[in-house]
Amino acid sequence: MKKYVSIDIGGTFMKYGMIGENGRIICSAKKETNAGRGGPAILEDAIAIVEEYQRTDTISGICISTAGMVDINKGEIFYAAPLIPDYAGIRFKEIIERRLRLPCEVENDVNCAGLAEYVSGAAKDSKVSLMLTIGTGIGGCAIINGSVFHGGSGSACEIGYMHINGSDFQTLGAASILTRKVAGWKNEPEEKWDGCRIFQSAEQGDSFCIRAIDEMVDVLGKGIANICCVLNPEVVVLGGGIMVQENYLKERIEKAMKHWLVSGIASHTRVAFAKHQNNAGMLGAFYHFQQRREIKNDKSNFVV
């Protein structure tokens with residue numbers, strides 16, 4: 016069985032492991048990204064991870080999921096937030112293929128998450144799906160007829176930057192807004208609050224926490240509705256750390272989305288929560304590698 020190394024590079028952690036040709040994760044691990052060291056150091060870390068696996072296994076390819084905007088043809092970062100200095104311009108594909116003599120493919124992390132959910136997750140077999148990852152910011156991915164929609168220049172679905180309510184979508188709708196609001200209203204340091212505590216307190220009736228969540232949900236509903244008016248997806252998949260609160264959020268987000276969306280679209284759009292969670296980046300990077308390399312595996316062979 017062929018084995019592939021898959022690496023998911025985020026601002027906080029690098030998650031990595033080996034995946035078999037049937038899509039099963041054989042082993043996985045993670046390490047701190049230490050993003051402040053910059054793009055060149057992260058590239059060297061990725062190479063070192065592959066070399067470590069090569070000591071004991073024969074590797075057939077390298078699959079990379081990463082933060083930042085990616086030119087998938089070049090396998091290169093062409094735009095990145097300041098969190099990772101000197102990341103734009105890092106040529107993962109070219110350098111890794113030259114140094115390790117292995118095929119390599121690179122894709123944006125949210126696109127990888129969306130592809131993972133389409134192939135073997137909550138959006139399986141849909142014709143049009145929308146993936147949102149909601150954490151410190153908000154990322155988006157559209158899958159149309161089994162392929163990631165990249166847009167004209169590779170920057171489609173950068174939905175966090177959408178203008179909404181006098182600000183932007185990710186400033187008002189991401190999980191980070193909760194701690195800022197609750198701490199401010201209670202006149203307490205932000206360090207005292209995190210998402211887990213806020214949801215626990217909301218379930219216990221804390222009015223400030225309930226209000227903060229309700230306001231965030233309304234923004235999410237409005238933003239999702241705006242995107243659905245353009246994309247008309249069959250399913251909207253919600254992922255990211257905060258979406259572990261599915262029991263609390265699902266009905267509320269569905270209600271908010273339907274409030275802002277015309278009934279003719281809302282009635283044909285369902286909300287689902289991501290299946291793959293922390294493995295989405297690695298799996299999506301592997302599926303992207305397969306699509307790029309035109310490996311003719313039937314999706315029914317993938318582990319679901």
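First residue of the sequence shown? That's 16 in the numbering used here, and the numbers climb one at a time after it. Note that CB positions come from ideal geometry on N, CA and C, so glycine has one too. These numbers come from a predicted model, not from an experiment.
Ranked by how close their Cα comes to the Cα of residue 136, the residues 48, 201, 304 and 288 have 288 in first place. Put simply, the backbone Cα of residue 119 is about 15 Å away from that of residue 73. In chain order, 93 and 169 place their CB closer than 7 Å to the CB of residue 86, counting only its own chain and leaving out the 5 sequence neighbours on each side.
Approximately 20 Å separates the beta-carbon atoms of residue 162 and residue 297; this is outside 8 Å, ruling out the contact.
About 5 Å separates the Cβ atoms of residue 159 and residue 143, confirming a contact at the 8 Å cut-off. In this structure residue 303 is buried. Its beta-carbon is surrounded by 16 or more other beta-carbon atoms within 10 angstroms. Under the three-state reduction of DSSP output, residue 16 falls in the coil class, being neither helix nor strand. With a threshold of 16 other beta carbon atoms within 10 Å, residue 121 meets it and is buried. Nearest Cα to residue 26 within the set 97, 38 and 227: 97. With a 10 Å radius around the Cβ and a threshold of 16 neighbouring Cβ atoms, residue 277 comes out exposed. Of 233, 68 and 214, the smallest CA-CA separation from residue 225 is found for 214. Under the 10 Å beta carbon count, residue 21 is surrounded by 16 or more other beta carbons and is classified as buried. For residue 252, the beta-bridge partners assigned by DSSP are 146 and 287.
Counting the other Cβ atoms within 10 Å of the Cβ of residue 141 gives 16 or more, which makes it buried.
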